[in-house]
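Structure first, commentary second.
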Amino acid sequence: MKKLFPFSQSKIEEARDSSARIVDSLIPFIEARSTASVERAILRLLGVDKATPQGQPWANVIVEKLLEKDLLGDGVAYWVGQALLEKDAPVPQLAEAVVAGRRELGNEVSPKAAEVQEALTPHIRQAVQSLESRSREREAMLKRLGEGPSPLLYVIVATGNIHEDIVQAKSAVMLGADCIAVIRSTGQSLMDYVPHGSTTEGYGGTYATQENFRLMRQAMDEAGEEAGRYVRLVNYSSGLCMPEIAAIGALERLDMMLNDSMYGILFRDINMQRTFVDQYFSRMILAFSDMFINTGEDNYLTTADAYEQSHTVIASQLINEQFALRAGMKPARIGLGHAFEMNPDIEDGLLWEIAQAELVRQIFPQCPIKYMPPTKYMTGNIFKGHLLNAMFNMTSILTGQSIHLVGILTEALHTPFMHDRYLALENARYIFNSARHLRDEIVVNPSGRMVKRAEEVLDSTVELLREIRQTGLMKAIEKGAFAEISRNMVGGKGLEGVFVKTSRYLNPFVAAFSRTEASLA
Amino acid sequence: MKKLFPFSQSKIEEARDSSARIVDSLIPFIEARSTASVERAILRLLGVDKATPQGQPWANVIVEKLLEKDLLGDGVAYWVGQALLEKDAPVPQLAEAVVAGRRELGNEVSPKAAEVQEALTPHIRQAVQSLESRSREREAMLKRLGEGPSPLLYVIVATGNIHEDIVQAKSAVMLGADCIAVIRSTGQSLMDYVPHGSTTEGYGGTYATQENFRLMRQAMDEAGEEAGRYVRLVNYSSGLCMPEIAAIGALERLDMMLNDSMYGILFRDINMQRTFVDQYFSRMILAFSDMFINTGEDNYLTTADAYEQSHTVIASQLINEQFALRAGMKPARIGLGHAFEMNPDIEDGLLWEIAQAELVRQIFPQCPIKYMPPTKYMTGNIFKGHLLNAMFNMTSILTGQSIHLVGILTEALHTPFMHDRYLALENARYIFNSARHLRDEIVVNPSGRMVKRAEEVLDSTVELLREIRQTGLMKAIEKGAFAEISRNMVGGKGLEGVFVKTSRYLNPFVAAFSRTEASLA
Amino acid sequence: MRAGLKSVKPYGDTMGDGAVQLSFTLPLDDVDQAREGGRLLALKMGLENPRVVFAKRLGREFVFLVVYGASKHSLDVSSLQVSKLDVVLMSHEEIREFVRSRIGRKIRVMGACLGTDAHTVGIDAVLSMKGYAGHKGLESYPDFEVSNLGAQVAPADLVEKARQSCPDALLISQVVTQKDIHRATLSRFLDYLDASGERSKYVLIAGGPGLTHPLAKELGYDAGFGAGTVPEQVASYIVQELARRKGK
Amino acid sequence: MRAGLKSVKPYGDTMGDGAVQLSFTLPLDDVDQAREGGRLLALKMGLENPRVVFAKRLGREFVFLVVYGASKHSLDVSSLQVSKLDVVLMSHEEIREFVRSRIGRKIRVMGACLGTDAHTVGIDAVLSMKGYAGHKGLESYPDFEVSNLGAQVAPADLVEKARQSCPDALLISQVVTQKDIHRATLSRFLDYLDASGERSKYVLIAGGPGLTHPLAKELGYDAGFGAGTVPEQVASYIVQELARRKGK
Ligand code: B12
Ligand code: B12
Ligand SMILES: Cc1ncc(COP(=O)(O)O)c(C=O)c1O
Ligand SMILES: Cc1ncc(COP(=O)(O)O)c(C=O)c1O
């Protein structure tokens with residue numbers, strides 16, 4: 001990869017090294033715990049995808065039953081294994097019976113771990129195979145259809161109604177979109193269950209449900225065939241149901257997930273223990289399913305000042321990277337987020353944006369960077385907004401970003417109308433094409449303003465990570481190291497869903513994923 | 001001046017040398033001739049600014065009378081001098097009497113050149129002084145008020161009604177405009193007289209009249225005081241009345257004139273002899289009055305393809321430069337025109353625009369380059385149009401242009417509405433500010449696509465000028481060397497107004513301008 | 001050039017020309033049909049000589065149009081009522097003076113992003129020390145005691161929290177407006193308050209980029225604040241309203 | 001999701017939502033007054049819940065506004081008449097065939113930019129060898145004889161030139177439309193033609209970015225061509241019209 005800036009690699013190494021230690025020191029804590037959502041994800045991977053007539057997902061019913069009996073510490077897999085030992089059956093069938101009260105979980109049939117494992121094995125294998133077949137499908141389609149030139153054009157749909165979303169998404173694909181993200185309804189991230197079925201009533205977005213995923217996947221496969229390129233589908237493995245949504249997304253062949261090791265903590269006040277544990281397993285699922293993650297550092301800049309807080313973005317990216325690597329993700333799937341959010345009135349603001357974008361690019365040469373458009377300084381002046389997006393597009397192509405979230409001129413007004421998205425895609429496509437090889441053409445003045453700025457940001461990052469390494473990540477978050485937000489270890493939502501694993505705790509997917517990967521490698 | 005591209009100066013020198021020879025070989029032809037419009041300009045400089053009740057300017061009436069008598073070959077100044085010898089009076093008073101038929105021109109009172117000269121001298125001196133006082137006024141105001149940062153933001157008003165124009169222009173100044181050009185009504189360029197008085201009925205623009213100039217000057221002086229910067233006023237010394245409009249513009253303290261040595265020939269089918277003679281004297285007036293010219297090479301690209309014909313733009317700029325130097329203009333006043341007119345669908349189109357703009361900048365380091373916005377590929381999609389303008393703005397600040405004609409999103413639809421101009425100024429101001437020092441920050445890859453492209457254009461320019469030097473400029477125009485348009489030496493409009501000077505022909509301003517300049521220097 | 005205030009029309013470049021730009025998408029497949037449809041729609045909207053200057057297919061059944069035309073409607077602005085909040089804008093200093101002289105005690109305000117809304121930047125802009133656009137928020141006012149409950153506070157919880165600490169004013173932020181969720185949430189909250197008969201205990205203030213004072217009034221709030229609000233405006237209103245209520 | 005063709009409304013993100021964007025300037029000094037004026041104007045235009053989302057002063061007496069709202073108008077497209085030229089689009093080849101079989105002689109056309117208009121690119125696009133957007137112009141058609149008079153041809157001169165060489169069709173370009181000068185010039189030309197009783201001798205075609213077929217008809221021309229016209233369309237029309245006239 002071409003580099004526009006000259007940098008001492010050693011500073012980058014120091015920063016990365018700090019992040020590795022920060023993350024490493026949390027892993028034992030994480031590995032000692034599981035959560036309600038992790039357990040539900042296990043059930044969903046095993047095919048438990050239905051809900052009660054009242055809309056309560058079977059996965060939730062079952063996990064709650066175990067919780068009530070105080071048996072969740074062993075893991076849902078342990079008790080499913082026991083039930084299968086008692087009487088083998090497809091897991092969904094077992095689940096139905098449990099939900100209906102016809103069978104019960106929690107009867108210990110055998111105390112031997114090996115036997116429980118064995119009872120589970122064919123079911124796990126089947127689950128793993130169905131995930132694998134989804135990856136293979138994707139691979140084949142990508143090979144056959146190909147994809148758009150880099151950066152990929154990523155747009156959102158967010159009508160609240162999955163059927164309208166499909167109409168909007170099809171139009172977007174025809175107009176050049178490569179990735180379609182279905183934004184979730186406000187509030188979903190704090191729901192401790194995944195709604196069921198197709199939905200038509202969301203606000204600011206559409207509920208993430210397995211059926212909605214399926215409908216959109218089907219529509220986008222059709223649209224992709226027509227357009228002659230594979231359309232990537234994006235959703236949110238984020239909030240209180242991180243691992244579950246990773247699971248259903250993997251099952252429905254989604255391609256990317258918004259997934260961040262700290263976003264929920266900072267921006268949704270989700271308990272940090274919960275998030276750290278959830279993100280770990282969710283990323284294992286995503287890694288195994290060859291999916292991309294997109295981290296959420298862009299959000300820092302919607303509350304804090306982009307010029308002042310640039311270094312926190314990079315520090316967080318480094319931490320996200322380490323968490324992802326620990327969960328088995330390949331760098332090529334770690335889409336680190338950042339954003340074009342500086343005040344458009346700053347003199348030379350574009351220079352600082354270029355400096356930041358290039359810095360990110362150079363620190364993570366193997367990661368596909370997800371670049372987010374201006375949102376904070378967008379206003380009702382849609383014409384001006386269109387220009388902010390143009391400069392964002394320009395910066396993106398100049399600095400070689402990979403996943404380009406197309407900025408929409410009506411950002412400050414409403415979730416995008418169909419023609420807003422058209423104009424936005426036209427904007428990006430015009431500028432990308434017109435400046436296609438600009439990056440090859442220029443070299444940056446090594447003693448200029450941009451390099452100086454990037455160096456300052458890098459220095460502050462090194463400094464910040466050094467501090468965090470000393471205090472530890474949880475304490476650092478308590479102290480407000482990120483986004484000027486401070487969160488407490490036992491505060492926030494969802495702590496009640498975190499538990500310490502017993503010694504016989506079982507999550508056979510962890511082993512299955514790494515075994516299969518190893519056998520594939 | 002910083003240079004982005006490495007260039008062999010020798011090619012540039014060869015091109016410039018060719019142009020000098022091309023122009024030099026036309027000077028004797030030009031100096032042997034005068035035109036009706038040159039003669040009317042002389043009268044206007046002498047204060048003859050009224051019109052008959054039917055709207056026929058006195059200047060025209062008088063020149064026609066001499067023409068009828070076949071006495072124009074001596075120059076109007078010669079016969080005015082004779083009349084003054086007979087009976088001295090302010091020239092306007094004399095003119096009134098002539099127009100009214102109370103006095104006649106054409107009576108030879110003295111055959112001695114020196115006596116005629118002497119009779120004219122106080123009147124010429126007065127005229128020259130009033131021009132000088134206008135320049136001094138400008139200088140003082142510029143010193144007191146200052147002007148905007150480079151590039152100057154140049155916008156047009158074109159309502160057809162001078163009073164509406166003033167309203168629009170005032171708004172533009174408040175929103176950041178530095179230069180206001182009052183576009184002329186369609187058709188004025190082919191009128192062989194300058195209309196009289198304030199006007200409210202133009203199409204696609206407002207008539208250039210001395211009174212309209214005065215009204216707008218006054219309004220812009222007021223607006224400039226309020227905004228705290230000097231506002232430059234622009235009009236067209238172009239068409240069949242080049243020298244006359246230069247004269248009235250100078251008298252009303254306009255600051256810039258569209259003025260091109262070949263535009264009228266090519267784009268208005270004005271006879272080439274007429275244009276070459278007219279442009280020469282018009283530029284003498286402008287040079288003396290310390291005014292800028294803006295040449296019209298941008299027009300080539302509205303008919304011909306910008307990628308294919310880039311070299312004709314540069315060849316024409318070099319010729320325009322030489323003509324201007326011959327007329328006594330300083331390089332710092334020669335605003336050479338070019339434009340951002342490539343097809344926005346070309347891959348890397350922006351690179352070619354940057355290459356061209358930088359090439360122009362480096363060939364004419366002392367000239368204030370007038371950079372024209374996209375027009376040809378503007379459509380009813382005003383949102384897309386706004387983006388073309390954004391990339392134009394970006395290119396302008398990156399390549400250090402000086403006079404920036406602000407592109408307007410509704411270019412394809414109508415002459416600008418007030419808010420169109422606002423949005424356009426906002427566009428330019430945002431991008432200029434945000435990328436203020438981008439030029440300092442980058443270096444261009446010397447073996448890259450942009451430099452290669454610029455070199456090709458320069459090579460073609462050298463080649464083209466070499467050919468023109470061989471054939472001569474008039475023949476080259478006949479052969480369609482510029483804008484794919486061919487014009488004949490005796491074709492086009494206005495040839496009837498060209499005449500060969502007699503041996504006693506007199507235009508005392510030519511001498512007065514150079515004398516005064518010399519005495520000032 | 002000036003038009004009378006009795007018949008004001010949009011202005012492009014000639015007084016009275018009525019120049020208006022429109023854009024919208026029609027759910028039609030055929031571009032020519034959509035162009036004609038766009039023209040007719042513009043006529044229905046009262047535009048004369050509408051020109052469809054751009055048309056682009058966005059998908060199988062949609063065409064985007066840009067239209068220009070001359071509005072024949074005119075406004076009588078001489079009688080136009082701009083429904084503004086009845087409040088005198090005071091400075092930080094003046095507010096302090098006002099509270100000390102007219103109210104004589106600390107003022108307690110409670111803020112929240114109601115319902116599922118998690119956009120805290122707006123309410124923080126009004127309440128926090130840091131404030132907005134250089135204007136410090138209510139926390140910086142010595143006579144204000146601020147409690148900011150942050151994001152996603154359920155209506156019932158807010159009623160309860162308010163009951164516990166009895167603030168003078170409740171400041172509610174609503175940023176998401178899709179499908180009028182802000183209206184629904186704001187109304188629901190008042191229903192809860194009414195149910196417990198407590199509506200009149202507080203000065204009820206709603207804010208957010210989609211809010212206006214008239215809209216807030218319509219929904220049953222005492223005041224509404226929209227985009228670009230600065231803390232002084234809110235503080236001025238609160239203290240003046242409290243003085244007014246006290247005076248009664 | 002599809003709406004019936006009987007009541008088509010603009011579409012934003014929900015069928016029937018009526019979403020429309022507007023922008024215009026009001027000649028008012030006060031921004032709040034202008035906002036309210038803009039809202040009222042939008043109501044008059046039939047927009048429900050209009051939101052003034054942006055307002056900016058442009059000078060002492062002008063405020064620019066951006067407004068969004070939901071149009072309550074709907075269109076019955078099932079009965080919508082798109083006034084199209086009655087012509088079958090043929091290729092270069094087909095036109096040649098058509099002329100040879102149905103007309104049997106060369107076709108002579110004369111083009112000009114009428115009046116003060118000097119925009120020749122459009123007429124050249126239709127007539128010249130080079131053509132437009134990859135479509136060669138009428139000069140490239142073996143059975144067409146083209147005379148292109150270029151820019152700024154006075155109406156009287158064109159009548160005279162036409163009388164001298166008797167072309168089958170006159171092609172007139174009008175690009176400048178400010179203050180409806182194109183309408184005036186096009187009408188004036190017909191007056192001249194009428195004066196000499198020659199209107200029916202030619203197929204009369206007007207073109208330009210501001211022209212549409214209905215407008216040309218209204219002014220008394222046989223056909224009108226707007227933005228994006230390609231030469232084949234014009235040639236197809238001319239030969240079919242000539243065949244039709246011959247048939248009569
Ligand atoms: C920042 C931001 C976020 C941040 C919020 C971080 C945070 N802690 O607040 C993050 C990234 C988390 C976020 C998430 C979402 N967002 Co958001 N977000 C924005 C954004 C970019 C800026 C909002 C902002 O901070 N404005 C700055 C503040 C200062 O302005 P303000 O809120 O208008 O406040 C001022 C006034 O309105 C007033 N005011 C506001 N409240 C109050 C209250 C009182 C009492 C008073 C007196 C005054 C007052 O005073 C303030 C100062 O002047 C806007 C787009 C934009 N440019 O406006 C979208 C936007 C608001 N978000 C939107 C959406 C849909 C969402 C999501 C639902 C998307 C999704 N499905 O994931 C989520 C979920 C959030 C949720 N559950 O509510 C939409 C809303 C669409 C609509 N009109 O319905 C917008 C418009 C973007 C878009 N076009 O889609 N968002
Ligand atoms: C190029 C250009 C010029 C060139 C013209 C060079 C030339 N030899 O033609 C120059 C620089 C000289 C020029 C000058 C002026 N121009 Co000019 N110009 C343009 C520009 C940028 C492009 C026009 C063009 O070439 N379009 C490309 C052609 C292919 O498209 P077209 O003309 O629409 O033609 C197509 C169809 O309409 C149709 N068609 C056209 N004619 C005909 C005829 C027939 C018979 C048929 C069948 C079809 C047909 O077929 C063509 C192919 O599809 C437009 C802005 C724009 N982007 O549109 C302004 C524009 C047209 N100009 C404008 C103006 C005002 C002027 C001036 C009056 C400005 C001035 N005061 O100095 C002058 C004077 C010209 C005059 N006396 O007429 C305005 C007109 C405003 C209005 N609506 O009234 C425009 C819109 C710019 C603006 N926003 O102000 N201009
Ligand atoms: C990582 C991540 N998760 C989730 C979201 C979306 O918000 P919510 O949590 O309300 O779904 C974002 C938004 O940018 C994000 O970056
Ligand atoms: C040198 C010059 N003169 C004049 C004009 C304007 O046209 P007209 O000759 O119709 O006034 C232009 C337009 O760009 C120009 O460049």
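Chains as they are written, first to last, in the numbering used here: chain A, 1 to 521; chain Z, 1 to 521; chain D, 1 to 248; chain G, 1 to 248. Glycine is no exception: its CB is placed at the ideal position from the N, C-alpha and C atoms. This one's a predicted model, so the numbers in the text were calculated from it and none came from an experiment.
Checklist entry - For Pro-446 of chain A, which residues of its own chain have a beta-carbon under 6 Å away from its beta-carbon, when the five flanking residues on both sides are left out? => result Taking the first sequence and counting its residues from 1, the one referred to as residue 446 of chain A is at position 446. The residues are Pro-6.
Next on the checklist: Quick check: the Cα distance between Asp-29 of chain D and Ala-177 of chain A, rounded to an integer number of angstroms?
Outcome noted: In the third sequence, counting from the first residue as 1, residue 29 of chain D sits at position 29. In the first sequence, counting from the first residue as 1, residue 177 of chain A sits at position 177. Taking the straight line from one Cα to the other gives about 21 Å.
Next on the checklist: What are the residues in the segment 24-38 of chain D lying within 7 Å of chain G by C-beta distance?
Outcome noted: Hits within the stretch, in order: Phe-24, Thr-25, Leu-26, Pro-27, Leu-28, Asp-32, Gln-33, Glu-36 and Gly-37.
Checklist entry - What does Gly-73 of chain Z reach in chain D if we use C-beta pairs closer than 9 Å? => result Locating residue 73 of chain Z in the second sequence gives position 73, where the first residue counts as 1. Per Cβ cutoff of 9 Å: no residues; Gly-73 of chain Z is ~46 Å from chain D at best.
Checklist entry - According to the neighbour-count rule (16 or more other Cβ atoms, all chains shown, within 10 Å of its Cβ), is Leu-233 of chain A buried or exposed? => result Indexing the first sequence from 1 puts residue 233 of chain A at position 233. It counts as buried.
Checklist entry - Under a three-way DSSP split, which group does Pro-50 of chain D fall into? => result Stepping through the third sequence from its first residue, residue 50 of chain D is reached at position 50. Here Pro-50 of chain D sits in strand by DSSP.
Checklist entry - Going along the chain, which residues of the segment 65-88 of chain G sit with their C-beta nearer than 8 Å to a C-beta in chain A? => result So the list reads Val-66 and Tyr-68, given in the order they occur along the chain.
Item to check | Separation of Asn-389 of chain A from Asn-427 of chain A, as counted between CA atoms | outcome: Here residue 427 of chain A is taken as the residue at index 427 of the first sequence, counted from 1. Here residue 389 of chain A is taken as the residue at index 389 of the first sequence, counted from 1. Linking Asn-427 of chain A to Asn-389 of chain A through their CA atoms gives a straight-line distance of about 8 Å.
Item to check | Outcome for Val-153 of chain G when other beta-carbon atoms lying within 10 angstroms are tallied against a minimum of 16 | outcome: As a position in the fourth sequence, residue 153 of chain G is number 153, starting the count at 1. Answer is buried; the Cβ neighbour count reaches 16.
Checklist entry - Which chain D residues are close to Thr-206 of chain Z, counting only those with a beta carbon under 9 Å from its beta carbon? => result Residue 206 of chain Z sits at position 206 when you count from the first residue of the second sequence. Within 9 Å Cβ-Cβ: nothing; Thr-206 of chain Z doesn't reach chain D, min ~11 Å.
Item to check | Span separating the alpha-carbon of Met-1 of chain D from that of Val-500 of chain Z | outcome: Here residue 1 of chain D refers to the residue found at position 1 when the third sequence is read from its first residue. Here residue 500 of chain Z refers to the residue found at position 500 when the second sequence is read from its first residue. Caution applies to Met-1 of chain D, whose pLDDT of 44 falls short of 50 and renders its modelled position unreliable; the value that the coordinates give is listed next. Approximately 49 Å, taken between the alpha carbons.
Item to check | For Arg-487 of chain Z, the first and last residue of its enclosing alpha helix (DSSP H) | outcome: Position 487 of the second sequence, counting from 1, holds the residue named residue 487 of chain Z. No alpha helix (DSSP H) holds Arg-487 of chain Z; DSSP gives it neither H nor E.
Item to check | Residue environment, Cys-113 of chain D, which counts as buried when at least 16 other CB atoms sit within 10 Å | outcome: Here residue 113 of chain D corresponds to residue number 113 of the third sequence, with the count starting at 1. By the neighbour-count rule (16 or more Cβ atoms within 10 Å), Cys-113 of chain D is buried.
Checklist entry - By DSSP, does Ser-79 of chain D sit in helix, in strand, or in coil? => result Along the third sequence, one-based indexing puts residue 79 of chain D at 79. It is helical.
Checklist entry - Nearest CA to the CA of Asn-294 of chain A: which residue from A:Arg-504, A:Leu-43, A:Arg-487 and A:Tyr-371? => result Position 294 of the first sequence, counted from the start, is the residue given in the question as residue 294 of chain A. For the residues A:Arg-504, A:Leu-43, A:Arg-487 and A:Tyr-371, the minimum Cα distance to Asn-294 of chain A belongs to A:Tyr-371.
Checklist entry - Ser-147 of chain D bridges to which residues according to DSSP? => result For this step, residue 147 of chain D is matched to residue 147 along the third sequence. For Ser-147 of chain D, which the question treats as bridged, DSSP gives the partners D:Met-110.
Next on the checklist: Taking DSSP's pairing of strands, which residues face Asn-299 of chain Z in a bridge?
Outcome noted: For the purposes of this step, residue 299 of chain Z is taken as residue 299 along the second sequence, with counting starting at 1. Asn-299 of chain Z is not bridged to any residue.
Item to check | Option in A:Ala-435, A:Arg-134 and A:Pro-368 with minimal Cα separation from Ile-285 of chain A | outcome: The count along the first sequence starts at 1 and reaches residue 285 of chain A at position 285. It is A:Arg-134 whose Cα lies nearest to the Cα of Ile-285 of chain A.
Checklist entry - Which class does Ala-511 of chain A belong to by DSSP, given the choice of helix, strand or coil? => result One-based indexing of the first sequence puts residue 511 of chain A at position 511. Correct three-state label for Ala-511 of chain A: helix.
Next on the checklist: Looking at the strands, I want to know which residues DSSP matches up with Phe-292 of chain A.
Outcome noted: Residue 292 of chain A sits at position 292 when you count from the first residue of the first sequence. According to DSSP, which records beta bridges pairwise, Phe-292 of chain A is partnered with A:Met-256.
Checklist entry - Can you round the beta-carbon distance between Ile-387 of chain A and Tyr-430 of chain Z to whole angstroms, since I take them to be within the 8 Å contact cut? => result Within the first sequence, numbered from 1, the residue matching residue 387 of chain A stands at position 387. Within the second sequence, numbered from 1, the residue matching residue 430 of chain Z stands at position 430. Note on residue identity: the sequence assigns Leu, not Ile, to residue 387 of chain A. Indeed they touch by this definition, with Cβ atoms about 6 Å apart.
Item to check | Partner residues on chain G for Thr-395 of chain A, Cβ-Cβ distance less than 7 Å | outcome: Against the first sequence, residue 395 of chain A aligns to sequence position 395. Within chain G, no residue comes near Thr-395 of chain A; the closest Cβ sits about 25 Å away, beyond 7 Å.
Next on the checklist: On the criterion of 16 or more Cβ atoms from any shown chain inside 10 Å, does Ser-101 of chain G qualify as buried, or is it exposed?
Outcome noted: As a position in the fourth sequence, residue 101 of chain G is number 101, starting the count at 1. It is exposed - the Cβ of Ser-101 of chain G has fewer than 16 other Cβ atoms within 10 Å.
Checklist entry - Taking only beta-carbon atoms, is Met-9 of chain D less than 7 Å away from chain A? => result Mapped onto the third sequence, residue 9 of chain D falls at position 9. Note that residue 9 of chain D is Lys in the sequence shown here, rather than Met. Cβ-Cβ to chain A under 7 Å: no for Lys-9 of chain D.
Item to check | DSSP state of Ser-173 of chain G mapped onto helix, strand, coil | outcome: In the fourth sequence, the residue the question calls residue 173 of chain G occupies position 173. Ser-173 of chain G falls in the strand class under three-state DSSP.
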